[in-house]
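*Asks:* Using my numbering, count along the sequence shown one by one with no gaps and you end on 613.
Glycine residues also receive a C-beta, built at the ideal position from the N, C-alpha and C atoms.
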Amino acid sequence: MLSKKEVTLRVGGAAGDGIASTGESFAKICARSGLNVFAYNSYQSVIRGGFIWLQVHAGRQDIHSHGDNLDFLIALNQKELERNHGDIADGGGIIFNSDKIKTDKIEINEKVKLFPIPVNGIISKFGKNPILQNTVALGALVKLVGMEYDILENVITDYFGKKKRSALEVNLSVSKAGYEYAEANFEKMDFDLECDYNKHRHLLTGNQSIALGAIAAGCQFYCAYPMTPASSILNWLDAKAAQTKMVVKQAEDEIAVLNMAIGAGFAGARSMVGTSGGGFSLMTEAVGLAAQTETPVVIINSMRGGPSTGLPTKTEQADLFQAIGASQGDFPKMVVAPSDVEDCFYTVTEAFNIAEKYQIPAIVLSDLLLSEHMETVEELDFDMEHYKEELGKPNGGRFRRYEFTENGVSQRSIPGVEGTIFQATSDEHNDFGDIISDVFTDEEMRARMQQKRMRKMGYLLKELPEPKLQGDSDADITLVGWGSTAPIIKEAMEVIQNDGIRVNHLHLKSLVPFHSDVVKNILNNAKNVLDIETNYTGQLSKLITMETGFTITNKLLKYDGEPIYSKHIINKIKEVI
Numbered sequence: 037m038l039s040k041k042e043v044t045l046r047v048g049g050a051a052g053d054g055i056a057s058t059g060e061s062f063a064k065i066c067a068r069s070g071l072n073v074f075a076y077n078s079y080q081s082v083i084r085g086g087f088i089w090l091q092v093h094a095g096r097q098d099i100h101s102h103g104d105n106l107d108f109l110i111a112l113n114q115k116e117l118e119r120n121h122g123d124i125a126d127g128g129g130i131i132f133n134s135d136k137i138k139t140d141k142i143e144i145n146e147k148v149k150l151f152p153i154p155v156n157g158i159i160s161k162f163g164k165n166p167i168l169q170n171t172v173a174l175g176a177l178v179k180l181v182g183m184e185y186d187i188l189e190n191v192i193t194d195y196f197g198k199k200k201r202s203a204l205e206v207n208l209s210v211s212k213a214g215y216e217y218a219e220a221n222f223e224k225m226d227f228d229l230e231c232d233y234n235k236h237r238h239l240l241t242g243n244q245s246i247a248l249g250a251i252a253a254g255c256q257f258y259c260a261y262p263m264t265p266a267s268s269i270l271n272w273l274d275a276k277a278a279q280t281k282m283v284v285k286q287a288e289d290e291i292a293v294l295n296m297a298i299g300a301g302f303a304g305a306r307s308m309v310g311t312s313g314g315g316f317s318l319m320t321e322a323v324g325l326a327a328q329t330e331t332p333v334v335i336i337n338s339m340r341g342g343p344s345t346g347l348p349t350k351t352e353q354a355d356l357f358q359a360i361g362a363s364q365g366d367f368p369k370m371v372v373a374p375s376d377v378e379d380c381f382y383t384v385t386e387a388f389n390i391a392e393k394y395q396i397p398a399i400v401l402s403d404l405l406l407s408e409h410m411e412t413v414e415e416l417d418f419d420m421e422h423y424k425e426e427l428g429k430p431n432g433g434r435f436r437r438y439e440f441t442e443n444g445v446s447q448r449s450i451p452g453v454e455g456t457i458f459q460a461t462s463d464e465h466n467d468f469g470d471i472i473s474d475v476f477t478d479e480e481m482r483a484r485m486q487q488k489r490m491r492k493m494g495y496l497l498k499e500l501p502e503p504k505l506q507g508d509s510d511a512d513i514t515l516v517g518w519g520s521t522a523p524i525i526k527e528a529m530e531v532i533q534n535d536g537i538r539v540n541h542l543h544l545k546s547l548v549p550f551h552s553d554v555v556k557n558i559l560n561n562a563k564n565v566l567d568i569e570t571n572y573t574g575q576l577s578k579l580i581t582m583e584t585g586f587t588i589t590n591k592l593l594k595y596d597g598e599p600i601y602s603k604h605i606i607n608k609i610k611e612v613i
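Here it is in structure tokens:
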């Protein structure tokens, strides 16, 4: 029997049990052992209690999701054992504190191995802190998967390095005790993860990648009001503000957030804001202000379950039409959706360039899964070229801020430049910025100004990469998706191709403007088409129909707050075929 080359762990407990520290520590151990990692935290909005789990999937090969079936469950309480044991694959194991968790009255798959640890006896000489059970279990897990203790020691040292020395020493001692207990009492598991301890991979969340992208793009002003799952962008950038020289502000609400960013953009600073759907609802009037004044700004909308407060800590892709229809009227904008953690970095840097080049609002749609999950990435390129805008110069007369041009982009200026005074008003205006609808409406000027602004979209569309099919050119079925579904679809494709089903994937990143002709041609030549989204109405499929006339009848839609798994996609493909 071949040794397993990858491992999937779930840590289950309640808020306050230390689930995140345990799961994230194992993710870091794997990343520092040369493995690829994908980790996802399913948590509730309560501060204490509730049903929480964090899942880590790791291996030397590419990892595209947090995994379908578990190799290990670390159960931190009785309820989580009862809730999660059915997800463990044959041959997997449960690591638990035998002093507080009982298995005799639970019908556990006989092919699942039990690894009971008498935690009280192990930690008795270090005190009675119940959270130490996590560290004991982590030590045992590292031994069971055949990894070196030194890596665990390094991770614990980094985590507790800035805390009391006594806390570091206790956690090192109990982790070593857990490792040695597993070595002495548990049968060897059949894992060969092919660790490379000389290869340390970078481990980032999507929001950290977004924040790094903003830094790489030269962002000078970031403003937000805390709202899950975008809050960590604010927290992370604020912690780095002194180092990056970025002005980071928490405003009183999202109305103020975007208006402040537009003001900073008007003054010449590259600006970005971050929120989720509820906060974006408050921003929508200001989106139109950015468009009317032709002020560049980047807007991050990290989607969560709605409507209203909805599911504050769960994922969904249901704000697509909110982004498309943000603010009233017709105006140029860009809406894009990155697909993985690395793509978050490059998408944000490009959004800054596009926003500045075309003087438009650029909306980046993430979601909770993408924003908050951890993933290993390769080296990021911080030396990318920035779009360098030439500011307008005085020409001896009045400054034509909104001058009519071939591509619709006019030279802009910043306050304080002599000879470039102009009005930047939310009202419709002429090419100087003078309002045209106070006493009478200049219909001809209105039409020309609207045409000028909208001309930007044609030039922008040509600049954005066209979507391309990935996979078999002569496929039995074409999978269509957007945003965070991309890696999961890729994982499903790799599995189903082994069953002899030919499959390809059309993933749409640029949603506004839309490559209508390209998408229409691809779908018209597909044998079967399956739309995959985490929302109720199939919003991408509706957009495709609006833009191309092509109707997708087969849909896999998930809207319970948790991500789509590759097994869901595989089962749906077989059903459609």
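(1) Helix, strand or coil, according to DSSP, for M339 in the structure here?
(2) Spell out a yes or no on whether the stretch 203–217 and the stretch 168–183 are touching, meaning 3 or more CB-CB pairs, one atom from each, closer than 8 Å.
(3) Between the C-alpha atoms of N564 and L356, what's the straight-line distance to the nearest angstrom?
(4) For G444 versus F458, is the C-beta spacing smaller than 8 Å?
(5) Measure how close the beta-carbons of Q91 and H102 come, nearest whole angstrom, since I'm counting them as under 8 Å.
(6) Quick check on L616: does DSSP put it in helix, strand or coil?
(7) Is the Cβ-Cβ distance between G507 and H541 less than 8 Å?
(8) Skipping 5 residues on each side, what residues in its chain have a beta carbon closer than 8 Å to that of V555?
(9) Check whether the Cβ atoms of V372 and T385 lie closer than 8 Å to each other.
(10) According to DSSP, is S267 helix, strand or coil?
(11) Answer with buried or exposed for F550, where buried requires no fewer than 16 other C-beta atoms within 10 angstroms of its C-beta.
(12) Identify which residue in V73, N72 and F87 has its Cα closest to the Cα of Y79.
(13) Is it the case that the stretch 264–274 contacts the stretch 399–408, given that we only count it when at least three CB pairs across the two stretches are under 8 Å?
(14) Helix, strand or coil for A119? Go by DSSP, reduced to three states.
(15) Taking its Cβ as the centre, do 16 or more other Cβ atoms sit within 10 Å of S39, making it buried, or is it exposed?
(16) What did DSSP end up calling N258 once you bin it into helix, strand or coil?
(17) Cutting at 7 Å between CB atoms, please list the residues of its own chain near F196, excluding the five before and the five after it.
(18) By the 10 Å Cβ neighbour count, where 16 or more other Cβ atoms means buried, how is L240 classified, buried or exposed?
(19) Is any beta-carbon of chain E found at less than 8 Å from that of K498?
(20) Output yes or no for whether 8 Å exceeds the beta carbon distance between E290 and M319.
(21) Which residue's Cα is closest to the Cα of G254: I298, A305 and D107?
(22) Is there contact between the stretch 133–149 and the stretch 66–75, where contact requires at least three CB pairs shorter than 8 Å?
(23) May I ask you to report which of helix, strand or coil DSSP gives Y215?
(24) DSSP state of F458, grouped into three classes?
(25) Compute the Euclidean distance between the alpha carbons of G52 and H93, then round it to the nearest angstrom.
(26) Determine the direct distance from the alpha carbon of A247 to that of G299, and round the result to whole angstroms.
(27) Under a three-way DSSP split, which group does D567 fall into?
(28) Beta carbon of E537, beta carbon of D567: below 8 Å?
(29) Exposed or buried, what is I193 when buried is set at 16 or more other beta-carbons lying within 10 Å of its beta-carbon?
(30) For A483, does the count of other Cβ atoms within 10 angstroms reach 16, so buried, or fall short, so exposed?
(31) Across which residues does DSSP place F151 in a beta bridge pair?
(32) Using 8 Å as the threshold, is the C-beta distance between A354 and N571 below it?
*Replies:* Well, looking at it:
(1) Of the three classes helix, strand and coil, the one that applies to M339 here is strand, per DSSP.
(2) Contact between the stretch 203–217 and the stretch 168–183 is present: 3 or more CB-CB pairs across the two stretches fall below 8 Å.
(3) Their backbone Cα atoms lie some 24 Å apart in a straight line.
(4) No, the pair does not count as a contact, with Cβ atoms beyond the cut-off.
(5) For Q91 against H102, the beta-carbon gap comes to about 4 Å, under 8 Å, which counts as contact.
(6) An answer regarding residue 616 cannot be provided, because it is not within the stretch 37 to 613 covered by the chain.
(7) Taking C-beta atoms as the reference points, G507 and H541 count as a pair closer than 8 Å.
(8) Residues P503, L542, L544, I580, E583, T584 and F586 of the same chain have their beta carbon placed closer than 8 Å to that of V555, with the five preceding and five following residues left out of the count.
(9) Taking C-beta atoms as the reference points, V372 and T385 fail to come closer than 8 Å.
(10) Reduced to three states, the DSSP call for S267 is helix.
(11) Burial call: buried.
(12) It is F87.
(13) Output reads yes: the stretch 264–274 touches the stretch 399–408.
(14) Looking at the sequence shown, residue 119 is not Ala but Arg. In the structure shown, R119 falls within a helical segment according to DSSP collapsed to helix, strand and coil.
(15) When all chains shown are included, S39 counts as exposed.
(16) The sequence shown places Tyr at residue 258, rather than the Asn named in the question. Annotated three-state conformation of Y258 is strand, per DSSP.
(17) So the qualifying residues of the chain are A203, L204 and N207.
(18) Counting Cβ neighbours within 10 Å, L240 comes out buried, since at least 16 surround it.
(19) Among the protein chains of the structure shown there is no chain E, as only one such chain exists.
(20) With a cutoff of 8 Å on beta-carbon distance, E290 and M319 are scored as near each other.
(21) Ranked by Cα distance from G254, the first of I298, A305 and D107 is A305.
(22) No, because fewer than three Cβ pairs between the stretch 133–149 and the stretch 66–75 fall closer than 8 Å, the two stretches do not touch.
(23) In the structure shown, Y215 falls within a helical segment according to DSSP collapsed to helix, strand and coil.
(24) Looking at F458 - three-state DSSP - the assignment turns out to be coil, as it is neither helix nor strand.
(25) The alpha-carbon atoms of G52 and H93 are separated by roughly 23 Å.
(26) Approximately 21 Å between the Cα atoms of the pair.
(27) D567 carries a strand assignment under DSSP once its states are collapsed to helix, strand and coil.
(28) Checking the sequence shown, residue 537 turns out to be Ile, not Glu. Cβ atoms of I537 and D567: not closer than 8 Å.
(29) Note that residue 193 is Thr in the sequence shown, not Ile. Around the beta carbon of T193, fewer than 16 other beta carbons sit within 10 angstroms, so the residue counts as exposed.
(30) Exposed, since its Cβ has fewer than 16 Cβ neighbours within 10 Å.
(31) Paired residues: I131.
(32) Their beta carbons are under 8 Å apart, which means A354 touches N571 by this criterion.
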